[in-house]
Amino acid sequence: MRLEGKTALITGAGSGMGRVASVLFAKEGANVIATDIAKPGLDETAALVAEHAHGSILPIQGDVTDEAAVASWVRAGVEQYGQLNVLYNNAGIFPDADRSVVEMDEKTYGRTLDVNLKGVMLCCKHGIPEIVRAGGGSVVNIASFVALVGCTVPQDAYTASKGAVLALTKSLAVQFGRDHVRVNAICPGPILTPLLADLFPNEEEKMKRLNRIPLGRFGLPEDIVYAALYLASDESSWTTGTEFVVDGGITVNYF
2 MRLEGKTALI TGAGSGMGRV ASVLFAKEGA NVIATDIAKP GLDETAALVA EHAHGSILPI
62 QGDVTDEAAV ASWVRAGVEQ YGQLNVLYNN AGIFPDADRS VVEMDEKTYG RTLDVNLKGV
122 MLCCKHGIPE IVRAGGGSVV NIASFVALVG CTVPQDAYTA SKGAVLALTK SLAVQFGRDH
182 VRVNAICPGP ILTPLLADLF PNEEEKMKRL NRIPLGRFGL PEDIVYAALY LASDESSWTT
242 GTEFVVDGGI TVNYF
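Residue numbers for the sequence shown follow the numbering used here, so the first one is 2 and each next one is one higher.
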């Protein structure tokens with residue numbers, strides 16, 4: 002098993018990629034500290050891990066923008082499992098009100114950056130020292146392909162937050178490399194989730210997006226989570242500071 006004996010903290014574990022990651026990491030032998038703001042989804046994730054996986058799970062409800070909560074997650078995980086080896090910063094939002102900066106309200110912009118960027122910062126602030134104490138490990142941050150290219154459909158708060166996650170990833174990789182902490186960012190393309198489906202008012206709009214993807218399909222949560230598994234495992238022991246693009250080729254497609 003690729004994560005046997007390791008402890009991983011996963012944010013946004015109550016649904017989507019966070020849920021898939023919790024189950025897969027536990028199947029690969031990890032003890033999982035699963036966090037989410039929504040308790041019902043978190044409970045469902047814990048039940049799936051208990052049913053299908055080999056590892057243990059510690060579900061903790063809380064808000065990733067609350068520093069006291071984040072610190073308590075790390076503390077509780079270390080108390081239960083003895084160490085922290087992997088930090089998977091997956092939690093994020095994409096508000097309906099996100100659009101061009103000339104049309105956006107300040108509240109939407111602020112909340113998006115709070116969750117998508119401040120949440121990553123807080124988890125790194127409290128998680129990385131424990132990873133250092135454990136002798137090293139891995140931080141995996143979820144960014145986005147929109148941090149790398151412009152988008153014809155403005156989503157400026159989300160784009161700005163994910164671009165900042167990339168910059169923070171590189172800075173942390175340099176700071177903590179000598180402490181044997183690897184820090185990488187995954188840049189997913191469009192992932193087939195209910196949130197993505199809601200963006201398409203009709204089949205024509207869906208096909209416009211799909212036609213931009215050279216591999217001819219939207220991504221699945223598993224496409225991203227298997228990349229995260231590689232980065233979390235010792236197989237990526239000489240990989241840090243990267244923009245790990247998993248997007249079906251959308252960022253290299255020129256029209």
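Beta carbons are placed, not taken as given, at the ideal position from N, Cα and C, and that holds for glycine.
Span of the alpha helix (DSSP H), counted from its first residue to its last, around residue i
i   : result
E80 : 68-82
L25 : 17-28
L1  : There is no way to answer for residue 1, as the model of the chain reaches only from 2 to 256.
Residue range of the unbroken beta strand (DSSP E) whose run includes residue i
i    : result
E244 : 244-247
T36  : 32-37
R179 : Element bounds for R179: n/a, residue is neither H nor E.
I61  : 58-62
I225 : Per DSSP, I225 belongs to no beta strand (DSSP E); it is in the alpha helix (DSSP H), 222-233.
A54  : A54 -> no beta strand (DSSP E), and no H or E assigned at all.
L10  : 8-11
Y89  : 87-90
Of the listed residues the options, nearest to residue i (C-alpha basis)
i    : options               : result
E104 : V154, G83, V79        : V154
I61  : G217, H53, L43        : L43
R179 : P189, N212, T241      : T241
V121 : V102, G164, G83, F146 : G164
A34  : Y82, A54, E52         : In the sequence under discussion, the amino acid at residue 34 is Ile, which differs from the Ala named in the question. Of Y82, A54, E52, the residue nearest in Cα terms is Y82.
L169 : L25, V184, A69        : V184
Assigned exposure category for residue i - 16 Cβ within 10 Å defines buried
i    : result
E206 : exposed
V166 : buried
S172 : exposed
V150 : exposed
Beta-carbon contacts of residue i that lie in its chain and below 6 Å, excluding the five residues immediately before and after
i    : result
A47  : I58, P60
A281 : The shown model of the chain, from 2 to 256, leaves out residue 281, and the question about it has no answer.
H127 : V71, A72, V75
G137 : H181, V182
Cut-off 8 Å between Cβ atoms - residues of its own chain near residue i, not counting five sequence neighbours on either side
i    : result
S73  : I61, G63
E287 : Here the chain has residues from 2 to 256 only, and residue 287 is not among them.
Going along the chain, which unbroken runs of the beta strand (DSSP E) with 3 or more residues stay wholly within the stretch 111-157?
138-143
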